Structure formats: C-alpha cells, structure tokens
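Working notes for the structure below.
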Amino acid sequence: MLLHFRDPAKLRTKTILYEESFYARDSGTLEQLKELSSRRQAIQDSINGISTITPVIAREMAGGITSPVLQDLQKIERYLPLLENLVTCVVEKKQNRNVIQWTSQLAIRWTSPLSGQSGRGLKGPRYFQVDDMRYELGMTLNLYGALLRERALEVVCTDKAEAATLFRRASGVYVHLAKNVLPPLKASLPPESCPEVTPTLASIMSIICLAEAQAVTVKKAEEKAASGSLLAKLHYGVVQFLDEAELFMKESCADLNDISGKLKKFIRIASVLHESRSQRYIAAEYTKIERFGVAVGVLRYSLTRVLPLRPGFQWKSYRKFFPTVLYELTSCLVPEQTSDHEKWRLSFQREQDDLQNMLRKCENENEFIWHEKTPDVDELPTLEGTRIVQPIPYKSFGLDREFVFVT
Numbered sequence: 001m002l003l004h005f006r007d008p009a010k011l012r013t014k015t016i017l018y019e020e021s022f023y024a025r026d027s028g029t030l031e032q033l034k035e036l037s038s039r040r041q042a043i044q045d046s047i048n049g050i051s052t053i054t055p056v057i058a059r060e061m062a063g064g065i066t067s068p069v070l071q072d073l074q075k076i077e078r079y080l081p082l083l084e085n086l087v088t089c090v091v092e093k094k095q096n097r098n099v100i101q102w103t104s105q106l107a108i109r110w111t112s113p114l115s116g117q118s119g120r121g122l123k124g125p126r127y128f129q130v131d132d133m134r135y136e137l138g139m140t141l142n143l144y145g146a147l148l149r150e151r152a153l154e155v156v157c158t159d160k161a162e163a164a165t166l167f168r169r170a171s172g173v174y175v176h177l178a179k180n181v182l183p184p185l186k187a188s189l190p191p192e193s194c195p196e197v198t199p200t201l202a203s204i205m206s207i208i209c210l211a212e213a214q215a216v217t218v219k220k221a222e223e224k225a226a227s228g229s230l231l232a233k234l235h236y237g238v239v240q241f242l243d244e245a246e247l248f249m250k251e252s253c254a255d256l257n258d259i260s261g262k263l264k265k266f267i268r269i270a271s272v273l274h275e276s277r278s279q280r281y282i283a284a285e286y287t288k289i290e291r292f293g294v295a296v297g298v299l300r301y302s303l304t305r306v307l308p309l310r311p312g313f314q315w316k317s318y319r320k321f322f323p324t325v326l327y328e329l330t331s332c333l334v335p336e337q338t339s340d341h342e343k344w345r346l347s348f349q350r351e352q353d354d355l356q357n358m359l360r361k362c363e364n365e366n367e368f369i370w371h372e373k374t375p376d377v378d379e380l381p382t383l384e385g386t387r388i389v390q391p392i393p394y395k396s397f398g399l400d401r402e403f404v405f406v407t
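Residue numbering for the sequence shown follows UniProt numbering, starting at 1 and increasing by one per position.
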C-alpha cells in the first residue's frame, strides 16, 4: 500500500561555473573550483535529462551500478563534500564585497516541483534564483533526500529493511535542512521564493519519510504474520505521522502559500488508506471474539473515508448509513491525472474491494447468526497508533580543504 509521490525528485537546474566567478589565488583552489563545476555538471545533465553518456558507459563510470537513481546519488555524494567546504569558506567571508559579487554572478537557479502555480512558467517550469551559496547547498540536499526516497521505492519489493533505512536517511537529510541549512538562508531570500527553501516544508518532508519508513516496516510485519492488533496500531502510526504533516502544513500556511496541491492530496490519501487498513485489522479482531456488530460498524465507517476519494464514486447506495455531516467532512478531491495517479487508483481499488468483501461477509454472518446491533459512529472503538521509526541523522562529509581567493 506504499503510494508513490515522485515530484520532489523532479528538480532541475542551470549551469554553474565556479572557476569563472570566483577568483582563485592559487592553482589548488582553481582545481577545486573546476572539480566542483564538473561534479555539478554531471548531476545537472542527469536530472535535466540531457546527458549524452550511454547507459553502458554510465554503469562503468559508476563502478558497475546499474540503477540510474543510485548513480545520481553517487554523483551527489561526490559533489557535497566540496560544496559543503566551499559554503563554509564563503559564509566566513559573506560580508566581503567581492564574494557577494562572485556569488551573484553564479546565478544559482533551480526549479520547484513542490510549488503551485508560481512554479510554472509560460514555456515550462520556472527557475528560482537566490544569490547565496547556502541556496545551492539547500537545493542539493533537497535533491539528495528526494533521491534517497526514490531509491527506497526501487528496492522496497526486494529488500524492505534497506528501503526503510533509506526512508529514515532521507528523513534525516530533511531534518538537517530544517534545523541547520535553511534557517540562516532566510535573510537572503527574495520576496518570491520556492517552498523548498523553507524549514517548514523540509520538516513536512521529514515526517512524510518517517511515515513511509513505518509503512514499509508494517508490510514486513504483515509478511511475518504479526498479530492483528499490532498491525492495526502500526498502520495507525503511519496515519499519525501523516496527520502531523498535514497539521504542520495548515499551521504554516503563511510560509507555504503556494504549495503543490498534489502534495496535499498525497498526504490525505495515504492517511485515509492506512487508516482503512488499520480498521480492517480491528474488525478482524472483533470477528474472532464474535462481535460482528462492532466489526460491521468499523468497516462501514471505513468505507465512508475511502469511497469519497474514488474517481466517479456515487454516494447514493451508502449515504443512508451515515449522517450528512460525516459525508461532508470526509469528502476530498480526487488526485490529478499524473503518472502517480494510476498507482493511487489501483491502491484505492484494492482497498475498496477488500473492504466491501469483508463488510459483505460480516453483514451476512451478523444478519443470519449473531443479530448484533451495529453501533453508532461515536460508539466505535478508538484507534490507537504506535510509531516505531526515527530519522537517521545526516552527517556532513567532513572534507576540509582550504579555498584561497583574491579578495
């Protein structure tokens, strides 16, 4: 049930030539600047889709790695040590007029896949420019975290432990962004900037990654046939993570006044699906103790949460079971037509089918054997969650090389 939301990795950027903007005092510094430009260009060519290197050559250059996502992660991990070192040197000289001018000449520009309308131009995605080296570091780390998520999605079917670790590492990258990298950048931001540079969005992405890590952990527990009560709590732990992210977004609307609608839908949809799975496990536990009336009530309520999110759904056959206000509260927009949409639709179809089949069986058994009264919504069991994952802290690469400039 792990929904895919790949937009954070759809970052694009423009060329930067460090050696043409920064004036190096010695040959060592010049070589490091050229190396920075070269390593960044390799990342740019890949994410912009303009690389002329064949897959065979790319695999050889990456030491036999065949996954394009893993190749990109390797490129970023080669770029970040030098970049972090340069940022440290530049920040120490941030009041120097020459350094300010050189940074401006770099014209650091990135797109914003998590923006709403402001992220789109007339001829394609809009590029946001900020004249601060911490912006380059922040956007590179955003890309790094997003690609760690992508790699987790690649391996989730074959190695769930590794996938959960990758999601937790991505969460740690976003925590580092929110706490250490982005707050000092705020003073340099223009009036209109992208949400990726706000600590708020980095915090939200960190929580989403934890929800995804827990979702993978739950799937592994399901394969090991853990108890239904435990699985219900673990699934609802995912819901608690996602609800926390959603609340964070609502409380920070001033910082995120033009955030992607698709991100909002993803959080809402994933939350409802995991809540539904939790309720199915709860209903199954009640059937074991022959409380079929409660099981029917839980499953009916779950349908009120899932069905409004389905494309083309008509409420006429189910609305009689529920108050009008509940119907209005659970209504939600359908996901937009994107490459992720089909995966979302299939997840909904599976969940709806499983819910309806289970409900039908419970209703039949209750009607013909047990004759239990179905409780009202406010009498249903309260959902309980357990959260068992934490971020893996990001550690800077720790390269210490001296940049000597003509200042």
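Cβ atoms here follow ideal geometry from the backbone N, Cα and C, with glycine treated the same way.
Being a predicted model, the structure only gives us computed values, none of them experimental.
Taking C-alpha positions only, Leu141 is separated from Asn364 by approximately 54 Å. Between Leu231 and Val218 the beta-carbon gap is near 6 Å, inside 8 Å, which marks them as a contact. For Arg59, the CB contacts under 6 Å within the same chain, skipping 5 residues up- and downstream, are Thr66 in chain order. For a cut-off of 8 Å, the C-beta gap from Ser21 to Leu86 is around 11 Å, too long to register as a contact. Distance from the CA of Trp102 to the CA of Ser27, rounded to the nearest whole angstrom, comes to 18 Å.
Sorting Cys89, Ile43, Glu84 by C-alpha distance to the C-alpha of Pro68 places Ile43 at the top.
Every unbroken stretch of the alpha helix (DSSP H) spanning 4 or more residues and falling wholly within the region 14-54 is given here in chain order: 18-21, 27-47. According to the DSSP secondary-structure assignment, Arg109 is paired through a beta bridge with Gln129. In the DSSP assignment, Phe5 is bridged to no other residue. Leu273 sits away from Met358, with the two beta carbons spaced by 8 Å or more.
Across the structure, Lys14 and Gly261 are spaced so that their CA atoms are roughly 26 Å apart.
Inter-residue distance for Asp45 and Trp344 is about 30 Å (C-alpha atoms, whole angstroms). For Phe403, the closest alpha carbon among the candidates Leu2, Leu36, Phe368 is that of Leu36.
Setting aside the 5 residues that flank it on each side, Pro375 is surrounded in the same chain by Gly293, Val294, Gly297, each with a C-beta closer than 7 Å to its C-beta; the list follows chain order.
Taking the Cα positions, Ala161 is about 44 Å away from Ile369.
A Cβ-Cβ contact shorter than 8 Å links Arg151 with Leu73.
Between the region 161-172 and the region 222-240, the count of C-beta pairs closer than 8 Å stays below three; the two stretches do not touch. Cβ contact annotation for Glu372 (same chain, cutoff 6 Å, sequence separation greater than five): Phe292, Gly293, Asn366, in chain order. Gly237 has no beta-bridge partner at all, per DSSP. When DSSP reads this structure, Ile259 sits in a beta bridge with Ser115. Checking the DSSP bridge columns, you'll see Phe405 partnered with Ala24. Contact annotation: the region 387-394 touches the region 174-184, with at least three C-beta pairs closer than 8 Å. Secondary structure at Asn96: coil, using DSSP grouped into helix, strand and coil. Around the beta carbon of Val197, a 10 Å sphere encloses 16 or more other beta carbons of the protein chains shown; the residue is thus reported as buried. The beta carbon of Phe241 sits closer than 7 Å to those of Ile207, Leu210, Ala211, Gln214, Arg387, all from its chain and outside the five residues before and after it, given in chain order. By the neighbour-count criterion, in which a residue is buried when 16 or more other Cβ atoms sit within 10 angstroms of its Cβ, Ile282 is buried.
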